[in-house]
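Engineer:
There are 2 protein chains.
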Amino acid sequence: MENLDRCAIHTMTIKQWDLPTACAKFAAAGVPGVGVWRQWLDGRPLAESKKLLDDHGLTAVSLVRGGFFTGKTAEERQKAIDENRRCLDEAAAIGAGQVVLVCGADPEIPLPEARKQITEGIAACVPHAAATGVKLAIEPLHPMYADCRSAVNTIGQSNDIIDEVGADWVGIAVDAYHVWWDPNLEAEVARAGRRICGLHVCDWRTPTVDLLNDRGLMGEGCIDLPHLRRIVEATGFDGFIEVEIFSDRLWKRDPDQYLADIIDAYLKHV
Amino acid sequence: MENLDRCAIHTMTIKQWDLPTACAKFAAAGVPGVGVWRQWLDGRPLAESKKLLDDHGLTAVSLVRGGFFTGKTAEERQKAIDENRRCLDEAAAIGAGQVVLVCGADPEIPLPEARKQITEGIAACVPHAAATGVKLAIEPLHPMYADCRSAVNTIGQSNDIIDEVGADWVGIAVDAYHVWWDPNLEAEVARAGRRICGLHVCDWRTPTVDLLNDRGLMGEGCIDLPHLRRIVEATGFDGFIEVEIFSDRLWKRDPDQYLADIIDAYLKHV
C-alpha cells in the first residue's frame, strides 16, 4: 500500500500559499517534504524559514531554482555562478540537500556554446557545493525549452556533463514531464545510476495548450509514471518524489481541495 | 549567390491558396518545387493535379502526409497501412518522389508499443513503395508531439527504424523545427547519410505561444539553419529545401506579400 512517506510538493505547485501557509497545510495533510522555490524564502531571515519547516516536521527536499549559467559575456556568466553559490548557501541554511538547476539557454547563444557555458558554470560551482554540502541537481528540461530555458534537454546530456565535472556534488533531477518521451530513457537512467538525486512528477495532457503552464495532475495525462518510478528506483533512488505542477487551470482551483486531489493522485498514480 | 533552384514551398505554408492558385503564384515567383498536402488534391482527378503542376513547370517534391500507423486494434492499424498505400499511389500519380510520414502516436498507447507499431506499419508499406517507386520519408517530430502525433521524435530513432526495415524505399525527412535542439543532431545526420531525402525549414520563435501553429519564418527564430543545411548536404543531399510553416500569425497576412517574404527569407537565412 502506497503512503505519503516519500511525498513532497513544490511550493510553486500551490502557488497561492506562502511558506507559512504551505507548511501548515502540508503538515496537516501528512505530506512530509517540500520543494522550496527561492521566492518563498523572501521577506524573512533564512533561519526563520528553516524554523518554519522544522516546527512542522517538514523536510526541505530541494531548493528551486539555480542554474541559468548562459550569458553573452564572461561577466554575465560570473554573475550567474555567484548567484548559484548564494543559492547553495540558502539551501544549506534551510537544510535542503540539493539545488535544482535549470541550466539556462538564450535564443541568441548557439546551443553548442550554451552547453559549453553550462558545463563550465556547473564546474565552477562544485567547490562551493562541496563546502556547503549541497548537491547541484541538473534537471534536463523538455526540448521545447531549448530556446530560452535550458540547453540541457536529456538525461544523456546530463550524464555527459557529470562525466566531465565529476559526480561527487552533481546529480540529476529527473522530471517526468521533461523526459517521458525520450527513446533513450531507460538506457540513460541506468547509466545515471546513483547520480539520480531527484524525481519530479506531474503529467502530460493532450492537448497541451500552453508550453509553460498546462501541466497535468498525475493521472490526467499519458506519462507512465509507475514505469519511470520503477526504473529510477532500480538505480537505488529512495528519496522524496516531488510533485511539481505548473498549471493556470489548476492554480485557479480552491487550494485546499487541490491539495487533497494532489495527495489522491500521488497515492493512485505514482 | 543563393538562388531559388532548390526552393520548394508546402501548400500548407500559404494555406489560403488552393492548388491552382499556389501553382500559378509559385511559378510566377520562380519557386520550382511544391510540397503537396493531400487535401490540396481533393476535388479533381489526380491527373489534373499533375497537369497543373506540369503546366507550371513545377516539381511535386513530396506528398504530405502519410503515417499515423498507431492504433488500438489490428484492424485500425491495417486501415492505416491501406491508407498509406493509397498515399503512395497518389504520390506516384502526381510525380512526387516521397510521402512524408507523420508516424503517429496516441496518449492511450504506451510509447514503446507505438514505436513498435510504427516500425511494423512502415515495413508493411515497403513493398508498395517499391512497386510505386515512391519513398517513405520518416519525419521525426519534436518531442512535444510525442503524445498524439508522432512517437518518432529523433533522427536517431528514424535511423533505428531504417536499420530494421531497410533503406531501399525508406528515408528521413529532416525538419529543422523538430530536430534543431537535438544534442545528437550531427552524429545522427552523419549516421543517416544518404537516407536523408528531405530537408524542411522554418524557425523556432521565442516565445513560442502555440505548440502547433506558431512557427517562424526563417530568420525569425533561433535555429541555425545554415549549419543544419551544411551538415545535411555533407551527407550528399542535394534535393529541394522545403519551406513548411504553420502559423496563425502568418496565415493572417496578405498571401502575396507573405510569399515575397518567404522567398526573401529563404535567400537570406537558409
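Quick mapping for you: the protein sequence lines, in order, are chains A and B.
Take the first sequence: its letter number 224 is residue 224 in our numbering, and every next letter is one higher.
Take the second sequence: its letter number 28 is residue 1028 in our numbering, and every next letter is one higher.
C-beta: ideal position from N, C-alpha, C; glycine also.
Fair warning: this is a prediction, and the values are worked out from it, not measured in the lab.
Identify whether residue 1243(B) lies in helix, strand or coil by the three-state DSSP scheme.
Structural biologist: Here residue 1243(B) sits in strand by DSSP.
Engineer: Quick check on the DSSP output: the alpha helix (DSSP H) that includes residue 1087(B) runs from which residue to which?
Structural biologist: That run of the alpha helix (DSSP H) goes 1074-1094.
Engineer: Based on DSSP bridge pairs, tell me the residues matched to residue 61(A).
Structural biologist: DSSP output for residue 61(A) lists no bridge partner at all.
Engineer: Run down chain A in chain order and give the residues with a C-beta less than 8 Å from the C-beta of residue 1143(B).
Structural biologist: The answer, in chain order, is 142, 143, 144, 181, 182.
Engineer: Under the three-state reduction of DSSP, which class applies to residue 56(A): helix, strand or coil?
Structural biologist: Note: residue 56(A) maps to coil in three-state DSSP.
Engineer: Counting only beta-carbon separations shorter than 9 Å, does residue 136(A) have a partner in chain B?
Structural biologist: No, residue 136(A) does not count as interfacial toward chain B.
Engineer: For chain B, is any of its Cβ atoms less than 9 Å away from the one on residue 207(A)?
Structural biologist: So yes, residue 207(A) belongs to the interface.
Engineer: May I have the straight-line CA-CA distance separating residue 1172(B) from residue 23(A), to the nearest angstrom?
Structural biologist: Their backbone Cα atoms lie some 52 Å apart in a straight line.
Engineer: Apart from the five residues on each side of it in sequence, which residues of its chain come closer than 7 Å, Cβ to Cβ, to residue 1205(B)?
Structural biologist: Hits under 7 Å: 1214, 1216, 1220, 1221.
Engineer: Which one of 1230(B), 1265(B), 1233(B) has the shortest CA to CA distance from residue 1244(B)?
Structural biologist: Residue 1244(B) has its Cα closest to that of 1265(B), out of 1230(B), 1265(B), 1233(B).
Engineer: Quick check on DSSP: helix, strand or coil for residue 1125(B)?
Structural biologist: Note: residue 1125(B) maps to helix in three-state DSSP.
Engineer: Of the choices 55(A), 2(A), 153(A), whose alpha-carbon is the least far from that of residue 188(A)?
Structural biologist: Comparing Cα-Cα distances from residue 188(A) to each of 55(A), 2(A), 153(A), the minimum goes to 153(A).
Engineer: With C-beta atoms as the reference, is residue 67(A) less than 9 Å away from residue 139(A)?
Structural biologist: Yes; because the gap between Cβ atoms is below 9 Å, this pair is in contact.
Engineer: With respect to the alpha helix (DSSP H) encompassing residue 251(A), which residues constitute its N-terminal and C-terminal limits?
Structural biologist: It spans 248-251 - the alpha helix (DSSP H) in which residue 251(A) sits, taken as one unbroken run.
Engineer: If you follow the alpha helix (DSSP H) that residue 1278(B) is in, where does it begin and where does it stop?
Structural biologist: As displayed, chain B neither begins before 1001 nor continues past 1270, which places residue 1278(B) out of reach and without an answer.
Engineer: Please decide whether residue 224(A) counts as near chain B, where near means a Cβ-Cβ distance under 9 Å.
Structural biologist: Chain B, which has a Cβ nearer than 9 Å to the Cβ of residue 224(A), makes this yes.
Engineer: Taking Cβ positions only, does residue 1103(B) come closer than 9 Å to chain A?
Structural biologist: For residue 1103(B), the answer is no, since every Cβ of chain A falls outside 9 Å of its Cβ.
Engineer: What residues are listed by DSSP as bridge partners for residue 1197(B)?
Structural biologist: The partner list for residue 1197(B) (beta bridge, DSSP) is empty, contrary to what the question assumes.
Engineer: I want to verify the contact list: residues of chain A whose CB lies under 7 Å from the CB of residue 951(B), in sequence order.
Structural biologist: Past the edges of chain B, shown from 1001 to 1270, lies residue 951(B), and the structure says nothing about it.
Engineer: Along the beta strand (DSSP E) that carries residue 1264(B), what are the first and last residues, could you check?
Structural biologist: Unbroken run through residue 1264(B) is the alpha helix (DSSP H), 1255-1269; no beta strand (DSSP E).
Engineer: Report the option in 1020(B), 1025(B), 1060(B) whose CA atom is closest to the CA atom of residue 1043(B).
Structural biologist: Ranking 1020(B), 1025(B), 1060(B) by Cα distance to residue 1043(B) puts 1020(B) first.
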